[in-house]
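Q:
2 protein chains.
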Amino acid sequence: MAGPPVPHSAAPRPAAPRPRVVIVGAGFGGLEAARALARADADVTVIDRRNYHLFQPLLYQVATAALSPAEIAWPIRGLLSQQRNARVVMCRVTGIDREDRAVLTDDGRRFAYDYLVLATGARHAYFGREDWAGVAPGLKKVDDATGIRARVLTAFERAETCDDPAERDRLLTFVVVGAGPTGVEMAGAIAELARRALARDFRHIDPKATRTVLVEAGPRVLPAFDPRLSEKAKAQLERLGVEVRLRSPVTECSAEGVCVGGEAIGARTIVWAAGVMASPAARWLGAPADRAGRLLVAPDLSVPGHPGVYAIGDTVSLPGADGRPVPGVAPAAEQMGRHAGRAIAARIAARYRGAQAFRYRDEGSIATIGRGAAVAEIRGVRLSGFAAWMIWAVAHIWFLIGARNRVVVGLTWAWTYLTHRRGARLITGPAPAMTETAPERAPKHRADAA
Amino acid sequence: MAGPPVPHSAAPRPAAPRPRVVIVGAGFGGLEAARALARADADVTVIDRRNYHLFQPLLYQVATAALSPAEIAWPIRGLLSQQRNARVVMCRVTGIDREDRAVLTDDGRRFAYDYLVLATGARHAYFGREDWAGVAPGLKKVDDATGIRARVLTAFERAETCDDPAERDRLLTFVVVGAGPTGVEMAGAIAELARRALARDFRHIDPKATRTVLVEAGPRVLPAFDPRLSEKAKAQLERLGVEVRLRSPVTECSAEGVCVGGEAIGARTIVWAAGVMASPAARWLGAPADRAGRLLVAPDLSVPGHPGVYAIGDTVSLPGADGRPVPGVAPAAEQMGRHAGRAIAARIAARYRGAQAFRYRDEGSIATIGRGAAVAEIRGVRLSGFAAWMIWAVAHIWFLIGARNRVVVGLTWAWTYLTHRRGARLITGPAPAMTETAPERAPKHRADAA
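Each protein sequence line maps, in turn, to chains A and B. Per the working numbering, the very first residue in the first sequence carries number 925; after that it's consecutive. Per the working numbering, the very first residue in the second sequence carries number 925; after that it's consecutive.
#1: Among the candidates K1132/A, P943/A, D1055/A and T1070/A, whose CA atom is the shortest distance from the CA of L1040/A?
#2: To which residues of the same chain is I1189/A closer than 7 Å at the C-beta, ignoring the five residues directly before and after it?
#3: Need the endpoints of the beta strand (DSSP E) that W998/B sits in, please.
#4: Can you find a C-beta in chain B that's less than 8 Å from the C-beta of V948/A?
#5: Could you tell me whether the Cβ atoms of L1077/A and I1351/A are closer together than 8 Å?
#6: Would you report the Cα separation of A1222/B and A957/B, rounded to the nearest angstrom?
#7: Please look up how many angstroms separate the CB atoms of V1299/B and L1146/B, rounded, as I've assumed it's under 8 Å.
#8: What is the rounded straight-line gap between the Cα of P929/A and the Cα of H1048/B?
#9: When we look at the beta-carbon of S933/A and count the other beta-carbons within 10 Å, is it buried (16 or more) or exposed?
#10: Is the distance from the Cβ of C1177/B to the Cβ of A994/B below 8 Å?
#11: Based on Cα-Cα distance, which residue from P999/A, G1217/A and W1196/A lies nearest to D1055/A?
#12: In terms of alpha-carbon separation, which member of D1024/B, Y1276/B, V1253/B and R1266/B lies closest to A1291/B?
#13: When you compare each of Q1259/A, D1087/A and L1095/A to R1135/A by their alpha carbons, which one comes out closest?
#14: Which partner residues does S1178/B have in the DSSP bridge list?
#15: Could you pull out every unbroken beta strand (DSSP E) segment of at least 3 residues lying fully inside the stretch 1004–1081 of chain B, listed in chain order?
#16: Would you verify that the beta carbon of S889/A is, or is not, closer than 8 Å to some beta carbon of chain B?
#17: Does any CB atom of chain A fall closer than 8 Å to the CB of V1013/B?
#18: Can a CB atom of chain C be found closer than 8 Å to the CB of F1126/A?
#19: For D1106/A, report the span of its beta strand (DSSP E) as first-last.
#20: Looking at the C-beta of T988/A, does it have a partner C-beta in chain B at a distance below 8 Å?
#21: Hey, M1110/A and L1164/A: beta-carbon distance below 8 Å or not?
#22: Check whether the Cβ atoms of F878/B and A1026/B sit closer than 8 Å, and answer yes or no.
#23: What does R974/B reach in chain A if we use C-beta pairs closer than 9 Å?
#24: So, at 6 Å on beta carbons, what are the nonlocal neighbours of A1115/A in its own chain, with the 5 sequence-adjacent residues on each side left out?
#25: Go ahead and pull the three-state DSSP assignment for P1228/B.
#26: So the beta strand (DSSP E) A1202/B belongs to, where does it begin and stop?
#27: Take G1296/B as the anchor and find which of A1279/B, R1144/B, W1316/B and I1302/B has the nearest alpha-carbon.
#28: Taking beta-carbon pairs under 7 Å, can you tell me which members of the stretch 1075–1095 of chain A lie near chain B?
#29: Under 8 Å between C-beta atoms, does D1068/B make it to chain A?
#30: Where Q1280/A and D1030/A are concerned, what is the direct C-alpha to C-alpha distance, given to the nearest angstrom?
#31: Does G1002/B have its Cβ less than 8 Å from a Cβ in chain A?
#32: Count Cβ pairs between the stretch 967–979 of chain A and the stretch 999–1006 of chain A that sit closer than 8 Å; are there 3 or more?
#33: Report all residues from its chain with a CB closer than 6 Å to the CB of S1226/A; omit the five preceding and five following residues, and keep chain order.
#34: Return the first residue and the last residue of the beta strand (DSSP E) that I1194/B is part of.
#35: For T1085/A, which residues in the same chain have their Cβ closer than 8 Å to its Cβ, ignoring the five residues on either side in sequence?
#36: Can you pull the chain A neighbours of P999/B, defined as C-beta to C-beta under 8 Å?
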């Protein structure tokens, strides 16, 4: 592919070169954009800094030891191996050369494009309190999930052998900040893990002594849902033993716990699910963005002033047909990816009939809370409890990519449902630095009475 | 359990305290020792620095992306949750107080013992070339395996976009040092991964261009097996495309590759399977050890001069009935654990009839090489090829702990066998620092012709 550069006027070109489409990001949106270009007469390059596509909606199940990373992640190469016009490149994008129309990467390469799709998503954000990142990790990447899993499980291990009642309480208190879908799912899953899955394994911990606190600055959980479902979700969380604190903005986070509304909650484990920030795509282009860094795109998802450049998914801000913004969920990203990919395919095939506005088709929202507990809103129908949970389970198994994973995840869930056990309870990676005080305690040898 | 200390002469003791048995290490040996004490009237404490028991014989399958860590590891608490006299403590042992008879840990605690079982295993060793550890990782822990997996997969990712033919060759050359069972399994699995599983996913790599080199200082592969099986194993490795270099001690290891017998083999990925070193158990006790650090135990597995202390598994050196040392394999560790546990149980129940010598029952040896390829030696019967491989697969699924994992691993293997695909191809954790030269290449931006 990397032949010597042909001088501009040297020889008649044997054929028009195939247009180059570069897609940055292989999440739900980027992957759909690539697939929509499967039959285009183009060279499609998909760039991602990971070698896998992550089924992010189930990441909280990795963080709470129910699933393994490989059960919800799939190598991008494998997903696109049948698409002959696509190639996959693993590296980190660092910027865009707008004049020369090329994507720049951290290993010093340039990927020239005729069309560009930015599908770079979002990451969690602390909105000016980036110093909280160390004590209150968010949940966006596989390593985030295995890190949170190690923290939660290590907290139980330490509590089991802890003599100081105040410290044991801190170790057995889990605070989740933010009551959107991720926060609700994490809080429910931690409460279930503590009260059921781990109950029989510890000798000195009373599962009832664990405390899971869900802290939300706004007036209700799941603010994107109908208020009646927010109420139901709150009741289901409380039935699982989660303390729900509404109208409680966090004013301080440390290794000792959080402060909410003047009250200090001692906790060694804090999970951050309170906000996201768009990727730097807007900055790379020097294009206008909203407060959360999201690119302001035209109704057809193109970036104004940048011909041939589209942006999709969580990294863009777009008002929907009803004036409400298109939500940052997987189906929205997929629909946008398909829309942008088809627009580019039409332009390449010279059957482009002008910009078509993207229309978001709301296929419904589901948030799961725990075993047999969920809320769902599907085309105006509201469901909660077991029925919503069944729809959630079937939908998620169905959408999981790869036949093998569908079987493994289905089996794993059936097994977890029937036995209350969780298989992936491994503390891996470097030891989590959970307590600032631990090194001080170390020198004091004490007699063990057991 | 941790009540206030009772002064020595304060009150008559209500009953004789239950003897305390401390088991350090929850590998195959330690776990069996704990189980052998299930009915003993004792307090059994199992200490491990991990929260899981690892099925180490399958760790190479994690390193080569066939299985996930959670499929071969199981929380120790879950394994012992039914055994009411046992408790599990996760921490790192740092030494033993021989006078006060207590195990010391890194968090400053002491675990007093009446009986002690040291089942602390072995780790890989570089025999004076510890500086090679960074470039030639070994395979003993889960994090080793996910690290090697990230290296191997990253090498393919870099090779796919590499323009320099010499560098591409280095990226696609995988050297395994040491042709014991682990080395043979790793070499075979890498060759299969490269030639089959990844073949269809890359656009610019010719799977035939990958090179897997198995380097062994001795005169044959699998030296613990019958020489005829060593020959068969070598032939099967070569059929998979592995270059086997015998009588080739490694004289140098670096990020550029290895030197064997004056020849430099350029390779970005080196896996160390050349030797193990016992845990520091002998040092903790100040007891005599052999050259590899293994404790010299009495025939009944007790440590001479340390009453009530037993040592088992890979951390001890013991001649078998035939004069050959008991091999460092899982069944030997399990048998030793059972032997030591039963001896302690007998002493506690006051039905101890003196030291009984441990006798190793050789249940046979199997080493797997690849899909349908293995060698086995079972009670004098030698098998190779598909028959040996079937025995290996059935035996390993059978011995995997936990009903769920048996099903998942069985399904995963069936799927891998039928499709040549591998599901767990995730590059997780920090990016592997594979090349020393990469930063030098970075500033040179080059035009991408694709």
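Think of the CB as a built atom: it goes at the ideal place given N, C-alpha and C, for glycine as much as any other residue. Note that the structure is a prediction, hence the values are computed from the model and not measured.
A: The short version:
#1: P943/A
#2: Correct list, in chain order: T1097, V1099, V1137, G1181 and V1182.
#3: A997 to P999
#4: no
#5: yes
#6: For the pair A1222/B and A957/B, the Cα-to-Cα distance works out to about 17 Å.
#7: In this structure, V1299/B and L1146/B form a Cβ contact; the two beta carbons are roughly 7 Å apart against a cut-off of 8 Å.
#8: The pLDDT assigned to P929/A is 45, lower than 50, so where the model puts this residue is not dependable; a value taken from the coordinates is nonetheless given after this. So the two alpha carbons sit approximately 50 Å from each other.
#9: Note that S933/A scores a pLDDT of 44, beneath 50, so its modelled location is shaky; the value from the coordinates is reported in the next line. S933/A comes out exposed.
#10: no
#11: W1196/A
#12: V1253/B
#13: L1095/A
#14: According to DSSP, S1178/B bridges with G1181/B.
#15: 1010–1014, 1017–1021, 1026–1029, 1034–1036, 1039–1042 and 1046–1048
#16: There is no way to answer for residue 889/A, as the model of chain A reaches only from 925 to 1374.
#17: yes
#18: No chain C is present in this structure, whose protein chains are A and B.
#19: It should be pointed out that residue 1106/A corresponds to Thr in this sequence rather than to Asp. Taken as a continuous stretch (DSSP letters only), T1106/A belongs to no beta strand (DSSP E), being part of the alpha helix (DSSP H) at P1105 to E1116.
#20: no
#21: no
#22: Nothing about residue 878/B can be read from this structure; chain B reaches only from 925 to 1374.
#23: L1350, I1351 and T1352
#24: T1136, L1164, G1165 and V1166
#25: coil
#26: V1200 to A1202
#27: W1316/B
#28: Going along the stretch 1075–1095 of chain A in chain order, one finds L1077, E1081, T1085 and D1087 with a Cβ nearer than 7 Å to chain B.
#29: It does not: the Cβ of D1068/B has no partner Cβ on chain A nearer than 8 Å.
#30: 35 Å
#31: yes
#32: Here the stretch 967–979 of chain A lies against the stretch 999–1006 of chain A, with 3 or more beta-carbon pairs under 8 Å apart.
#33: Y1234
#34: Per DSSP, I1194/B belongs to the beta strand (DSSP E) from T1193 to W1196.
#35: H1128
#36: D1125, R1349 and L1350
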